[in-house]
Amino acid sequence: RDIITNMMNTLEYNTQEVEVFFAPTSLHLSLCKSLLNESYASICAQNMSKYESGPYTGEVSAEQLKDFDIKLVILGHSERRKMFNESNEDVAEK
Numbered sequence: 628r629d630i631i632t633n634m635m636n637t638l639e640y641n642t643q644e645v646e647v648f649f650a651p652t653s654l655h656l657s658l659c660k661s662l663l664n665e666s667y668a669s670i671c672a673q674n675m676s677k678y679e680s681g682p683y684t685g686e687v688s689a690e691q692l693k694d695f696d697i698k699l700v701i702l703g704h705s706e707r708r709k710m711f712n713e714s715n716e717d718v719a720e721k
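When you line the sequence shown up against the working numbering, it's residues 628 to 721, in that order.
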C-alpha cells in the first residue's frame with residue numbers, strides 16, 4: 628500500500644502539459660483508485676472483456692469497470708496482441 632501511494636502521488640510533472648494514467652492489475656483497481664489523488668493522475672484498466680456480462684471467468688466487463696468509476700481502458704496493447712494473439716477485430720469487439 629505504501630509503495631502504491633508513494634509512487635502514484637509523488638511523481639513530479641507539469642499537470643498542464645502531461646496527463647498521467649496508472650494501469651494497475653484489475654485486482655488492484657479499487658485500491659489504487661482509493662489511494663490516488665485524482666487531480667494528479669487517473670486510473671485506467673489494463674484490459675476489458677468483449678462480453679457485457681455472463682460466465683466468463685476472469686474477464687472484466689465495461690459495466691464492472693463503470694461500477695468502479697473506471698473511465699479509461701488500454702485496448703490493443705502490444706503485449707495482448709503478442710501474448711494473446713489479439714487482432715484489430717478482437718480489439719474492435721471490445
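C-beta atoms are modelled at their ideal positions from N, C-alpha and C, and glycine is treated no differently.
Closest to Val647 by CA distance: which of Ser657, Asn664 and His655 is it?
Asn664
What does a CB cutoff of less than 7 angstroms around Cys671 pick up in its chain, not counting 5 residues either side in sequence?
Here the set comprises Phe648, Ala650, Ile697, Leu699, Val700 and Ile701.
Drop a sphere of 10 angstroms on the beta-carbon of Leu692, count the other beta-carbons inside from all chains shown, and report buried for 16 or more, exposed for fewer.
buried
Check the C-beta distance from Ser669 over to Phe695 and give it rounded, since I have them as a contact under 8 angstroms.
So it is not a contact: roughly 13 angstroms between Cβ atoms.
Tell whether a beta-carbon distance below 8 angstroms holds between Lys721 and Lys660.
Going by C-beta atoms, Lys721 is not nearer than 8 angstroms to Lys660.
Identify which residue in Asn633, Met675, Asp629 and Tyr683 has its Cα closest to the Cα of Ser653.
It is Met675 whose Cα lies nearest to the Cα of Ser653.
Is Ala650 helix, strand or coil by DSSP?
coil
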